[in-house]
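Asker: If you want my numbering, it's the 1-based position in the sequence shown plus 1319.
Just so you know, even glycine gets a beta-carbon here, dropped at the ideal spot from N, CA and C.
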Amino acid sequence: MGLEIGQETFTDSDFSVFRGRLRDSVEALRNTLITPGFGESEISVGAELEMFLMDADGHPAAVNERVRKDVSDHRIALEVDQFNLEVNLTPVGLRGSPFTAMRSETDTLLATLGAAARSHGALPVLIGTLPTLTSSDLRRAALTPGGRFRQIEHALCRCRGTPYLLVFGGEEPATLMADSIAVQGAACSWQLHLVVPPEEFTRTYNAAQLATGPVLAAAGNSPLLLGRRLWQETRIPMYEQGFGDCGGSPGGGLRPRSLGADPFPRASFGHRWLDGGVVRLFADAVSEHDVLVPVLSPREPVALAPSGPAQWLDELRLHQGTVWTWNRPVYDPSGHVRIEFRALPSGPTSLDMAANSAFLLGLTLHLSRQPEEPHTAMPFETAEGNFYRAAHSGLHARICWPSTDRDGVGQGAVNRGASRRGATGHGAPECGGPRRGAVTWSSAAELIPRLLPLAKEGLLAAGVDAEEAEALLSVVAARVSARRTGAVWQQRALTALEEHTDRRTALRLLTHAYTQLAEEGEPVHTWQNPTWPAHG
């Protein structure tokens, strides 16, 4: 959940003072991290769940403020557009049955939200992109009133002009001329937060970057946007282009890095393996990205000696909240740092999201604890390529992976010099070329069954109950075996319905069928295609 921004206007002096405080904050953070006792809290996991509000006709329902007011729960927050809400789950220790606890809290809150939404003619929908959204739903008028979203809107307009062009590849390529960050309301995520000891941050963060690609391939749930079949995870290019601050003249859109755009876009996978601890990520955010919203805190950062107390570092936290990397560092003044995993989609069910969480966190923890760090087998560009290929092609994506004694297929090497992938395409580094480290290469569907036992080891080592780990990872295994992610189900359902009706009606019926099946709570790999005549 982002920090609120109450201030409306800013002076040149505000920007200048804010930049100075950012530099001071980086040094203050460096000292805070080595303060005795900092980061010694229990390893815990939390989550943020974004959702759509949909009316009876399958269209977005702009009632988020009324629903939140009726529920009156501090865990419920407004999101970018008036048809979005966010649930902030209570952090739990990463031991025992943490994912069951998260799932139980999710289901309880969804039941409460559902009752409140129905009184306003709406339903909550957990999905990456709502299939029925149109370009007219994503105009500035849809933006949720309030300081944070309006100020980010104004700041990004200063950087890139408006309108700007968004370009989507896929089976049915699409474009969108946007006039507002309201386009971000088209993308809903399931974001995990993992507390990490500062001394383990570098290894864990690099492991998270490596793990995210194959996990995303198994979790796709965003294949339809603007009435078109696009990426398996269309949220990824939508978000990167919607919050990007590079690009040329108004209407020119965003250019891929390979075509000479900003080498450090605000919304991205990153651009190198981490080699300097969590401070390096915050320092990079300060040096690579200018200030958007210079709200000055009454609490100035102080370069205390290592024995001093943890500081608030309000300016640094606010600035970091305007840099949208898919795996993002978070400093918490309560005394810890954590990784925010932002790449997974919302939905389809609480069980599917719990399974995705177990896979991602388990694999990350396993990789982080290997004597020889697995990410060193490949250049960063290859992991970046894995991520975008997974977002584009899901289980069919070609994934390069460090080989281990357990891997018996496809050994090769990785091309260190392959080009990066840009925001509007999905080209990415391939295996082959100058040798850096031994890797395997295969489709995500072939690779994931080999990774699930590693994820289980990571969970068990963290103290998660074996029954919990096995139950959730078996959901991922069954999903991959069935070749049916949420994205695949939506695509097949659309094909089935279009045999009987037009695209617009099929999208509406598909969305209603999805919502009904999700409410029943069974994992998506068990869902059948909607039959005709469909209800909705």
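Please report the straight-line C-alpha distance between L1813 and R1422, rounded to a whole angstrom.
Answerer: 29 Å
Asker: I want to check one thing, is the minimum distance from the CB of F1402 to the heavy atoms of the ligand ZN below 7 Å?
Answerer: The ligand ZN is not part of this structure, which contains no ligands at all.
Asker: What is the C-beta distance between P1379 and L1372, in whole angstroms, given that I count them as a contact (C-beta under 8 Å)?
Answerer: 7 Å
Asker: If we ignore side chains and look at the alpha-carbon of each, how far apart do W1720 and L1778 end up?
Answerer: 20 Å
Asker: Using the three-state DSSP reduction, which class does S1508 fall into: helix, strand or coil?
Answerer: strand
Asker: Given that a residue counts as buried once 16 or more other Cβ atoms are within 10 Å of its Cβ, and exposed if not, what is D1376?
Answerer: That one is exposed.
Asker: When the Cβ atoms of the stretch 1638-1657 are set against those of the stretch 1818-1825, are three or more pairs found closer than 8 Å?
Answerer: no
Asker: With DSSP as the reference, label L1352 as helix, strand or coil.
Answerer: helix
Asker: Which same chain residues, not among the five before or five after A1764, have their C-beta less than 6 Å away from its C-beta?
Answerer: Closer than 6 Å at Cβ, skipping near neighbours: L1714 and V1799.
Asker: Name the two residues that bound the continuous beta strand (DSSP E) containing V1656.
Answerer: H1655 to F1660
Asker: With a threshold of 6 Å on Cβ separation, who are the neighbours of L1600 within its own chain once the five nearest residues in sequence on each side are excluded?
Answerer: P1648
Asker: Run through DSSP, which three-state label would G1489 get?
Answerer: Coil, per DSSP.
Asker: Between T1830, V1614, A1501 and Q1560, which lies nearest to F1588 when the distance is taken from Cα to Cα?
Answerer: Q1560
Asker: Between the alpha carbons of V1502 and F1583, how many angstroms are there, rounded?
Answerer: 21 Å
Asker: Could you give the C-beta distance for A1662 and T1834, rounded to a whole number, given that I count them as a contact under 8 Å?
Answerer: Between T1834 and A1662 the Cβ distance is about 24 Å, and since that is not below 8 Å, they are no contact.
Asker: Let me know the secondary structure DSSP gives D1389 once reduced to three states.
Answerer: helix
Asker: Alpha carbon to alpha carbon, what distance is there between L1485 and E1794?
Answerer: It is worth fixing the name first, because residue 1794 is Val in this sequence and not Glu. Their Cα atoms are separated by approximately 35 Å.
Asker: Would you kindly work out how many angstroms separate the C-alpha atoms of L1475 and L1611, rounded to a whole number?
Answerer: If I take the Cα positions, the gap works out to 7 Å.
Asker: Let me know if Q1847 comes out buried or exposed under the rule of 16 or more other beta-carbons within 10 Å of its beta-carbon.
Answerer: Exposed, because fewer than 16 other Cβ atoms sit within 10 Å of the Cβ of Q1847.
Asker: How long is the line joining the alpha carbons of C1507 and I1446, rounded to whole angstroms?
Answerer: Computed Cα separation, rounded: 7 Å.
Asker: Quick one: complete beta strand (DSSP E) runs, 3+ long, within the stretch 1666-1735?
Answerer: 1717-1721
Asker: Could you tell me the boundaries of the beta strand (DSSP E) in which I1395 lies?
Answerer: I1395 to L1397
Asker: Three Cβ pairs or more, each shorter than 8 Å: is that satisfied between the stretch 1397-1408 and the stretch 1764-1773?
Answerer: no
Asker: What is the residue span of the alpha helix (DSSP H) that G1805 lies within?
Answerer: G1805 to E1817
Asker: At a cut of 8 Å, does the stretch 1482-1501 reach the stretch 1410-1424 through at least three beta carbon pairs?
Answerer: no
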